[in-house]
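See below for the structure under consideration.
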Amino acid sequence: MEMPNPNAQILARKTEIVARLQAVLPAGGVIHEPFETRAYECDALSAYTCAPLAVVLPTRTEEVSDVLKICHEMGVPVVPRGSGTSLAGGALPTADSVVLGVARMNDVLETDYANRIIRVQSGRTNLSVSGAVEEQDFFYAPDPSSQLACAIAGNIAMNSGGAHCLKYGVTTNNLLGVTLVLMDGTIVEIGGAHLDAGGYDLLGLICGSEGQLGVVTEATLRILRKPEGARPVLIGYDSNEVAGQCVSDIIKAGVLPVAIEFMDRPCIEATEAFAHPGYPDCEALLIVEVEGSEAEIDAQLAVICAIAQGHNPVELRESKSAEESAKIWLGRKSAFGAMGQINDYMCLDGTIPVTELPYVLRRIGEMSAEYGLGVGNVFHAGDGNMHPLILYDANQAGDLEKCEAFGAEILRLCVEVGGCLTGEHGVGIEKRDLMEHQFSPDDLELQLAVKDVFDPKWLLNPAKVFPLAVTQTRRVG
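This is the structure in structure tokens:
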């Protein structure tokens with residue numbers, strides 16, 4: 067993956083840059099020794115690494131503003147970073163950049179149960195937001211698989227979702243307001259503790275902008291009452307296509323589960339060996355969960371089970387207890403770690419219409435044979451958010467390149483059937499060269515023009531989202 071050549075003038079001024087940053091941050095807030103900055107040389111797309119010029123760790127919005135003012139004045143690129151869990155290279159530094167990490171900005175600033183909101187600093191982890199309100203029987207709905215570690219800042223940058231986004235939506239549906247620091251240090255408030263804001267929907271523009279427009283330091287989030295109860299059902303099938311058709315039929319029936327998760331045989335076998343959840347011997351597995359009162363749960367599951375039975379399942383297992391529910395979910399929650407025990411892998415993030423699931427799954431299988439690389443499918447089937455895990459050997463020459471070519475073909479397929487390149491991981495560096503496959507030149511130009519307004523010098527999160535040649539031309543221009 068090509069990255070821009072570092073700016074030699076910036077590298078030559080490292081001592082001056084570091085000194086100015088140290089002057090506006092508390093002791094220990096600037097990391098600049100090469101052996102220390104290596105910890106920030108990549109994110110969860112670990113196939114690519116590049117140590118930054120320096121790393122700054124502010125603790126409040128005003129410090130972020132001071133840092134950005136200095137970098138703007140000196141022409142230093144800035145890479146915003148939450149917890150570094152991006153699977154698309156969204157926090158990959160350049161050699162001449164300063165990484166601005168928000169991990170120390172993790173406080174709860176306000177909790178308002180009457181109005182169902184919580185305001186937090188953006189470095190707070192996803193799961194700990196729910197942890198802050200669970201004693202009052204509230205929770206924060208978006209639940210990425212990395213929720214134990216991922217930061218709200220990154221969730222906003224990539225518009226993250228999770229297993230329960232089918233019912234509750236993704237980050238943009240649960241975000242009410244942000245404090246945003248622009249590249250020149252200007253602090254702005256967008257949205258707030260109310261359902262909707264007047265004027266242009268700038269909040270919708272910021273959420274999913276991948277750190278290209280500003281640095282989010284605080285967020286006002288919607289919190290919800292916990293449901294009365296929830297219950298999953300596990301359904302096994304003898305083919306991916308049949309499982310995909312079952313998902314499509316459930317959605318068409320008008321039932322709204324809180325989650326529909328899909329796993330194919332490679333993932334089933336890997337998780338069984340890794341976590342021992344007791345899954346059946348089958349080609350494809352669905353986990354469908356509904357919630358509400360006991361009567362509501364029974365009624366919804368009756369419809370779902372009738373649809374599932376119509377497709378001749380290998381096994382249909384409805385949970386009867388909290389222990390059985392945990393067992394059903396155990397394998398799904400362990401899938402990524404389990405696949406990592408087998409080999410290196412690249413996790414994709416294309417999204418497709420639910421009706422196209424059977425066809426796309428079949429084509430992925432055919433491509434796997436063509437490329438000679440294994441692939442495991444585990445994803446949020448209810449909203450068509452695919453997560454193929456392509457297995458490769460990082461120590462085998464040419465394997466990474468073959469894996470990338472395979473992944474690009476899958477993502478192009480997603481677009482061709484009416485979907486898009488990303489559902490929740492973002493574009494980052496992984497998909498930037500595919501943007502021209504989804505968007506026309508006019509579409510891209512409009513997005514570039516928005517970037518021009520917020521960041522005229524093109525210093526924020528360089529080499530991401532847009533094709534590299536376009537980015538370099540824009541920055542020079």
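Numbering (the numbering used here), first residue to last: 67 to 543. Beta carbons: idealized from backbone N, C-alpha and C, even for Gly.
Item                                                                                                    : Value
Per-residue DSSP class, three states only, for L477                                                     : helix
Three-state class that DSSP yields for D449 in the structure shown                                      : helix
4 or more residues per run - each alpha helix (DSSP H) lying fully within the segment 330-389           : 331-341 and 360-375
Classification of R498 by the beta-carbon crowding that lies within 10 angstroms, buried from 16 upward : buried
Span separating the alpha-carbon of L525 from that of G416                                              : 28 Å
CA nearest to the CA of I218, picked from D250, D267, G274 and V516                                     : G274
One or two residues paired with F204 in a DSSP bridge                                                   : R291
9 Å Cβ cutoff met for I97 and V142                                                                      : no
Contact the segment 127-143 vs the segment 478-488: 3+ CB pairs below 8 Å                               : no
For E42, the residue or residues it bridges with in DSSP                                                : Outside the displayed range of the chain (67 to 543) lies residue 42, so it cannot be described from this structure.
Pairwise C-alpha distance: S385 and Y106                                                                : 43 Å
C-beta contact flag for W383 and V299 at 9 Å                                                            : Per the sequence presented here, residue 383 reads as Arg, with Trp not at that position. Yes. Within cutoff.
Status (buried if at least 16 other CB within 10 Å, exposed otherwise) for K530                         : buried
CB of G302 within 9 Å of CB of L351, strictly                                                           : yes
For I495, three-class secondary structure by DSSP                                                       : coil
Enclosing alpha helix (DSSP H) for C486 [first to last residue]                                         : No alpha helix (DSSP H) holds C486; DSSP gives it neither H nor E.
Exposed unless 16 or more other CB atoms sit within 10 angstroms - verdict on S506                      : exposed
CB of I495 within 9 Å of CB of G473, strictly                                                           : no
Through-space distance from A74 to Y206, alpha-carbon basis                                             : 45 Å
Identity of the residues DSSP links to N443 by a beta bridge                                            : P454
Contact check, N240 vs R428, beta carbons under 9 Å                                                     : no
Exposure label - G450; buried when at least 16 CB within 10 Å                                           : buried
Cβ pair count under 8 Å reaching 3, the segment 353-373 against the segment 322-341                     : yes
Reference V426, options I408, H453, Y411 and N409, closest by Cα                                        : H453
Coarse secondary structure for G235, derived from DSSP in three states                                  : coil
Among Y234, L287 and G235, the one whose alpha carbon lies nearest that of G548                         : The first residue shown for the chain is 67 and the last is 543, placing residue 548 beyond what the model contains.
Touch test, the segment 340-360 against the segment 462-478, Cβ-Cβ under 8 Å, three pairs minimum       : no
Nearest to L175 (by Cα), restricted to the options R182, V186 and V516                                  : V186
Best match in L87, V199 and M329 for proximity to C137 [C-alpha to C-alpha]                             : L87
DSSP state of C216 mapped onto helix, strand, coil                                                      : coil
Cβ separation of E355 and A296, assumed to be a contact under 8 Å, to the nearest whole Å               : 6 Å
Simplified DSSP assignment, three categories, for A325                                                  : strand
Option in E381, L268 and V420 with minimal Cα separation from A319                                      : V420
Contact test: G310 Cβ vs the ligand GDP heavy atom, cutoff 8 Å                                          : Only the bare structure without any ligand can be found here, which leaves the ligand GDP out of the picture.
For C333, the nearest candidate out of T160, E276, I408 and S391 (CA to CA)                             : I408
L232 versus L261 - alpha carbon distance                                                                : 21 Å
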